[in-house]
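K.L.:
Below are the C-alpha cells for one structure; questions will follow.
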Amino acid sequence: MVQSNSNDNGRALEYALTESLILRYPNAILDQDTINDQQRDRERFSVLPVATQQYFQRNCNYFVNSVLETRIGVNQGILELKRLKDGQGVEGDVTDIRLLLADRTYYNISLKHNHDAVKHQRPGALVKQLGIDNTNVNTEYKNRIKEIETVFYSKILAQENEFITIKGRDPRIISDLYRGVCLNAIYYINQYSCYAPSFFTFLVGRFNFDKVVVREDTIEVSKFMDISMPTNMSASIVENSYIDLSFNNGFLFRMRLHTASSRFEANKSISLKFDTRLMSNSVVTSIFQVS
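Counting from 2, one number per residue, gives the positions in the sequence shown under my numbering.
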C-alpha cells in the first residue's frame, strides 16, 4: 500500500489533480501562479516511485471523470482553474484548488492524501487561534506554558536532548509535559467558549468547500458547505495527550498533542503540535470506490 503524508507528496497530488482537470477542461484559464506551481511540482511528481505516480494519476482521473460532475452538475463547464497558496489557510481559506464554473459560481477543493487531519496547529498560538485580540491574555497563556516547560526541564538530566531518551528512562516526564500543555489549552478554551465561531472557523475554514481525501482504493468527498456556526464550545482531556473539543453545532474534534521535533534544547521553547481530527459532525461524506 502506498502511504505518505509529506508536504512534497501533497503538492505532487495537487499537481496530478490539476493535470487531470486541464486534460478534461482544456479551455479553462490558468493564472500565472498556477502555471508556475505546475512547473515547480512536475519535478516533485516525477521523482515519486512509479507505483505512486500511477496511483495518483488513476485516482485523480477517476475523481475528475467520474465524481466531479456529481458535485458541480453535469452541465457545468470550468472557466478558470486556480491553485491557491498554503498561506491562505492562515486566513481561513483551506482551498487548494478553486474552479470557476460556467454559472459563475466557485467550487473549492481541499485536497488531502490518505489522512483525515483538519489542522496541525501549534499550542503556543492558541490565543490567536481562538480569535482573542488581547495582549494580556496572550502573555498570561504563554507564561503558563513556560512554567510547564520549566517543570519539564527540572526533571531531565543534563546530557538529555532527545525525547526518545527520556521516554526510555521515565515516560512519565513526557506524559506530564503533555498533560500540562493540554490542561492549559483546555482552561483557555473553556474560559473563552464564546469565541467558538472564530475557533471553529480556524479549524474548518470560512469558505464553502469539498474536502477530497485520496486513498489508494477510495476517494472520500465531504461537503463542508452551508454549515451552521457554533455559539459555544467545551474541551476535556483524554489520556494526558488528547483533547476532545465539542462545538454546539454537532462537530466534535480530537486534538492529539505530539512533539514536532525529536530533539529539544534545554530551557528553550519545546516544539509541539496538535494533530486535530474531526470525530463527529453533520457533514455528508460520499465514498467512491476507485475502479
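Backbone N, C-alpha and C fix where the C-beta goes; we use that ideal spot for every residue, glycine too.
Hey, how far is the Cα of Leu-82 from the Cα of Val-68?
P.N.:
Mapped onto the sequence shown, residue 82 falls at position 81. Mapped onto the sequence shown, residue 68 falls at position 67. When rounded, the distance between both Cα atoms is 17 Å.
K.L.:
Starting from Arg-365, follow the alpha helix (DSSP H) in both directions and report where the run begins and ends.
P.N.:
Here the chain comprises residues numbered 2 to 292, so residue 365 is not present and cannot be evaluated.
K.L.:
Return helix, strand or coil for Asp-42, following the three-state DSSP convention.
P.N.:
Within the sequence shown, the letter at position 41 stands for residue 42. Note: Asp-42 maps to helix in three-state DSSP.
K.L.:
Which value, in whole angstroms, describes the spacing of the CA atoms of Asn-190 and Ser-199?
P.N.:
Within the sequence shown, the letter at position 189 stands for residue 190. Within the sequence shown, the letter at position 198 stands for residue 199. Reading off the sequence, residue 190 comes out as Ile, not Asn. Answer to the nearest angstrom: the Cα atoms are 12 Å apart.
K.L.:
Less than 7 Å between C-beta atoms, sequence neighbours within five positions excluded: which residues of the same chain meet that for Ala-159?
P.N.:
Counting from 1 along the sequence shown, the entry for residue 159 is found at position 158. Taken in chain order, the list of residues that qualify is empty.
K.L.:
Please identify the residue among Ile-187, Ser-272, Ile-146 whose C-alpha is closest to the C-alpha of Phe-164.
P.N.:
Along the sequence shown, read from residue 1 onward, the residue named residue 164 stands at position 163. Nearest option by C-alpha distance: Ser-272.
K.L.:
Which residues share a DSSP beta bridge with Ala-17?
P.N.:
For the purposes of this step, residue 17 is identified with residue 16 of the sequence shown, where counting begins at 1. Beta-bridge pairing links Ala-17 to no other residue.
K.L.:
Beta strand (DSSP E) containing Ser-247: first to last residue?
P.N.:
On the sequence shown, residue 247 is found 246 positions in, with the first residue counted as 1. Its beta strand (DSSP E) spans residues 243-248.
K.L.:
If the criterion is Cβ atoms closer than 8 Å, does the pair Ser-281 and Asn-250 meet it?
P.N.:
In the sequence shown, the residue the question calls residue 281 occupies position 280. In the sequence shown, the residue the question calls residue 250 occupies position 249. No, the pair does not count as a contact, with Cβ atoms beyond the cut-off.
K.L.:
Closest to Leu-22 by CA distance: which of Tyr-108, Glu-44, Thr-53 is it?
P.N.:
Mapped onto the sequence shown, residue 22 falls at position 21. Nearest C-alpha to Leu-22: Tyr-108.
K.L.:
Just curious, the alpha helix (DSSP H) that Thr-232 is in, first and last residue?
P.N.:
In the sequence shown, counting from the first residue as 1, residue 232 sits at position 231. Thr-232 -> no alpha helix (DSSP H), and no H or E assigned at all.
K.L.:
Taking the Cβ atom as the reference point for each residue, do Val-182 and Pro-124 lie within a distance shorter than 8 Å?
P.N.:
Reading the sequence shown from its first residue, position 181 is the one you call residue 182. Reading the sequence shown from its first residue, position 123 is the one you call residue 124. Yes, the pair counts as a contact, with Cβ atoms nearer than the cut-off.
K.L.:
What separation, rounded to the nearest whole angstrom, lies between the Cα atoms of Lys-224 and Thr-286?
P.N.:
As a working mapping, residue 224 is identified with position 223 in the sequence shown. As a working mapping, residue 286 is identified with position 285 in the sequence shown. Lys-224 and Thr-286: Cα-Cα distance of roughly 6 Å.
K.L.:
Tell me whether the beta-carbon of Ile-244 lies closer than 8 Å to the beta-carbon of Ile-187.
P.N.:
Locating residue 244 in the sequence shown gives position 243, where the first residue counts as 1. Locating residue 187 in the sequence shown gives position 186, where the first residue counts as 1. The answer is yes: Cβ separation under 8 Å.
K.L.:
Excluding the 5 residues flanking Asp-32 on each side, which residues of the same chain have their C-beta closer than 8 Å to its C-beta?
P.N.:
Position 31 of the sequence shown, counted from the start, is the residue given in the question as residue 32. Correct list, in chain order: Glu-81, Lys-83.
K.L.:
Tell me the rounded alpha-carbon separation between His-116 and Val-138.
P.N.:
Reading the sequence shown from its first residue, position 115 is the one you call residue 116. Reading the sequence shown from its first residue, position 137 is the one you call residue 138. Going from the Cα of His-116 to the Cα of Val-138 covers about 34 Å.
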